[in-house]
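Here is the structure we will look at, set down as structure tokens.
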Amino acid sequence: MNKQVELKNKRIIASKHVKLGQKNKMNQTYTDINDIFYNSEQTPNFLTGSEVIREAIKRASVGTSVAYPITPQSEAAALIGEIYAEGYLDEYFRGESEFAVMGQCAGASFGGHRVFTTTAGPGTLRAMENFPMWAGSRLPIQVCVTCRGINSPLSIQPDTLEMHYLLETGMLVWHAETAQDLYDFILKGFIVAEQPDVHVPIAVCCDGFFVTHTKDTVDLSPLDKCLTPYDPYRNPQPVMDMETAPIRMMRDPFVMKSNYISYATHASWQQEIKAAVERSRKHTIPLLDGLIDEENIDREILIVGSGTAVSQSREAIRLLEEEGIKVGLVKIKTIRPFPYEEIRQATKNAKHIFVPEFNVAGWLAREIKANIPDNERVYVGPHVAGGMTMPSEVIVEEIKKHLGMEVASRGTLG
Amino acid sequence: MSKEKIVLCEDLADVMPPEYQELVETATYGNQDRGWKDIGSSKELIEQHSLCAGCPESIAFRYILASLPAPENTVFVGSTGCTSLVFPHVAVHNIHSLFGNQNAIASGLKRTLACRFPDIEKDVVVLAGDGATVDIGLDMTMQSWFRQEKFTTICFDNELYANTGGQESGLMQKGFVAKMAPKGKSFEKVRLAEIAREAGCAYVAVLTVSKPNRVEQVIKNAVLVAREIGPTFVQLYTPCILEIGKQSMEGLDEMKDSESIGGRFVQKEYITDEAQKLLDSIKEETKARKKAAKDKKTVNA
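Residue numbers (numbering that gives the first Met the number 0), protein chains in the order written: chain L, 0 to 413; chain A, 0 to 300.
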């Protein structure tokens, strides 16, 4: 399952969709995902992350979006309401809590719509029971998670701890570094999640505030091209619309049976969800150009990270380079499926591996430690939490300290 | 979905399960006058049930499925509990997702089906127990009524958590001694029908399932009003004979006792003027249709 997929000449089979080339009511043309990104002119725009979410959804042929206010995703959810009013989506409303919203999303997906929603921090945890249910029901819903703290006392600051909770839900979990990633991942995420051999939900995560509330230059695909719509009948499960025969699903409901067949059924279903997540690799690799990005991985010191920790690391690497310390970089784009083999390969020459993270748990470092040989090479950190920023200088300092180098006192730093 | 969609391929017909063959041959799909009297003479939409012997829920299930105006275009949403043991045997699409979120699921589902099938009336019916409807799910139950979601909510009220072994629920009577209420329940049975009325349901009915013709009428009213006007709610007393210490054959008596004068389940309905008008017009139409059919028959004879 960890076999690497060759990139050359591979293109996702996005669409032999009947609607390909037709126009929707907003006069957008249903276009293959590859043509949207690789055969169309991309125009730079200066936008906040929330506005980027709106722009992606304008081009995503979404059926239903359900909204609920929580900082920092409220703005994105409200902006989707505005484009609904303009006619871009078929259905949009505000639910009463994240738990209910994820249920409403599930209902819409069971009924055959492409569904998008957003959440953050405590909302993600309030909704949590729904995520394994989505996966188990094979609903390819997309939730954009704009990560924020989940601790008490109340925090609304950026923190990626909630992603740790998403790892074993059976969802695809992708982590955007920048607003550009966010735009690309949202559109590409629908197509990967909806492949019949995948067909599981996807969480497209980004670091709240850093990505959602700052402006960045983002290349947008043309507004007159949109994704081919979701075809609910390319689905490993029957759509709940009474348009297919109502089969009797089982002779006895498994929930009440304490016997081997019952256990085996549940166990194999869990394994099937895991396998479906792994099967997404072959669709994801050509679209995202690999599950990881690599820079100078032949170096002895490597930083491996995801999200905005990668951006901070790039600057740290530049600062270290000025001092003659050469450091390579691995950016992880998909946390589920986890790029085990890619990371093993990318880190095989490294003597020191640093994993900077915006959370107290260091979950990414744990994942890496659990999957590479000689894992004493992995240094769990630096990590910050509770909304703290991670200045590049902190990464520099931590690396130098760990390597036994002279570190300037904090007072004289940068 | 029309009945043609489930017609069997001739070559494979003999390997299909007998219950499926019967569904194709003798189901009452598309029959406008289907009702509880079809039970026993045509193919029922519930194959078997795995409930306790004599459980009133099982007969309630059969009456409801026999009374749906258009099962071929109806999707059920269930919840965790005794009902979730029956749905796998039911020949209507049905969703079980979590415990208590049934009205949230139904909200998303109904809106999506309305978008996807603008020319076909797709009915959504929620069927859940009292724990799911009133306790863990009350927020989502009521919010769907506030939002005027156009589907029917049916609550099987057995006045306790039956499936987990008889714990106290909000719809339990005051004073009843149960698990988790060792000194007797300390507060009154939640007045869900009144809550439903005030929360915006256009049609509300409370009754037992002792009389099938009454159940049929109520279910038809609830589904048809939900189609045209807004949310509807039906609360059916389906006593858990096991947990209240009755024998298998005593369920019917229990229901009859509780609906007699002064009982907890004397039949009542709350109908908005708009809903009443609709029901009157449907009654007129049905009468006219039946009369026309009878006249035609007489002429042909």
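Where is the CB? At the ideal position from N, CA and C, for every residue including glycine.
Put simply, the CB of A/I104 is near chain L, with a gap under 8 Å to one of its CB atoms. In summary, A/L11 is exposed, with fewer than 16 beta-carbon neighbours lying within 10 Å of its beta-carbon over all protein chains present. At a cut-off of 8 Å between beta carbons, A/H92 contacts chain L. With fewer than three CB-CB distances shorter than 8 Å, the segment 65-78 of chain A does not count as touching the segment 156-174 of chain A.
Annotated three-state conformation of L/D292 is strand, per DSSP.
Around the beta carbon of L/S267, fewer than 16 other beta carbons lie within 10 angstroms, which makes this residue exposed.
Counting only runs of at least 4 residues, the segment 148-234 of chain A fully encloses the following alpha helix (DSSP H) elements, listed from N- to C-terminal order: 191-198 and 211-227.
Nearest in C-alpha terms to L/T118, of all of L/Q72, L/S154, L/G111 and L/M25, is L/Q72.
In this structure, DSSP gives L/Y232 a state outside helix and strand, which the three-state scheme calls coil.
Of all residues in the segment 165-198 of chain A, none is placed with a Cβ closer than 9 Å to any Cβ belonging to chain L. In its chain, beyond the 5 residues on either side, G62 have a beta carbon closer than 6 Å to the beta carbon of L/D89.
Taking 8 Å as the threshold, the shortest C-beta distance from L/A66 to chain A does not fall below it. With fewer than three CB-CB distances shorter than 8 Å, the segment 141-155 of chain L does not count as touching the segment 363-373 of chain L. Spanning the alpha carbons of L/I35 and L/T116 requires a straight line of approximately 22 Å. Look at the segment 138-151 of chain A: the residues with a C-beta under 8 Å from a C-beta of chain L are D138, M139, Q142 and R146.
Using a CB distance cut-off of 8 Å, L/D240 counts as an interface residue toward chain A. In its chain, beyond the 5 residues on either side, S66 and P68 have a beta carbon closer than 7 Å to the beta carbon of A/K219. Contact note: L/D89 reaches chain A through C114, using a C-beta cutoff of 7 Å and chain order. L/K24 and L/F92 have their alpha carbons spaced roughly 20 Å apart. The C-alpha of L/F357 lies about 34 Å from the C-alpha of L/L222. Using a CB distance cut-off of 8 Å, A/K245 does not count as an interface residue toward chain L. In this structure, the beta-carbon distance from A/L278 to A/F155 does not fall below 8 Å.
Under a criterion of Cβ atoms nearer than 8 Å, no residue of chain A is adjacent to L/E161; the nearest Cβ is some 20 Å distant. Assignment of beta strand (DSSP E) within the segment 192-223 of chain L, counting only whole runs of 3 or more residues, yields 201-206 and 214-219 in chain order. For A/A127, DSSP records a beta bridge to A/C154. Within chain L, not a single residue places a beta-carbon under 7 Å from that of A/V265; the smallest gap is close to 33 Å. Residues of the segment 222-240 of chain L that bring their beta carbon within less than 9 Å of a beta carbon in chain A comprise P231, P237, V238, M239 and D240, in sequence order.
When only Cα atoms are considered, A/S209 and A/Q101 end up about 26 Å apart. Contact note: A/I5 reaches chain L through A244, using a C-beta cutoff of 7 Å and chain order. Using a 10 angstroms sphere on the CB of L/L301, the tally of other CB atoms reaches 16 or more, which defines it as buried. Considering only L/I272, L/V217, L/P121 and L/C205, the residue with the shortest C-alpha distance to L/Q236 is L/I272. The continuous beta strand (DSSP E) containing L/T116 extends over residues V114 to T118.
Residue ranges of uninterrupted beta strand (DSSP E) with 3 or more members, entirely inside the segment 8-59 of chain L and ordered along the chain, are 28-30 and 42-47. Along the segment 185-196 of chain L, there is no position whose C-beta sits under 8 Å from a C-beta of chain A.
A Cβ-Cβ distance of about 5 Å is found for the pair L/Q194 and L/H282, placing them in contact under the 8 Å criterion. Spatial neighbours of A/T140 in its own chain (CB-CB distance under 7 Å, excluding positions within 5 residues in sequence) are listed in chain order as N102, T132 and T152.
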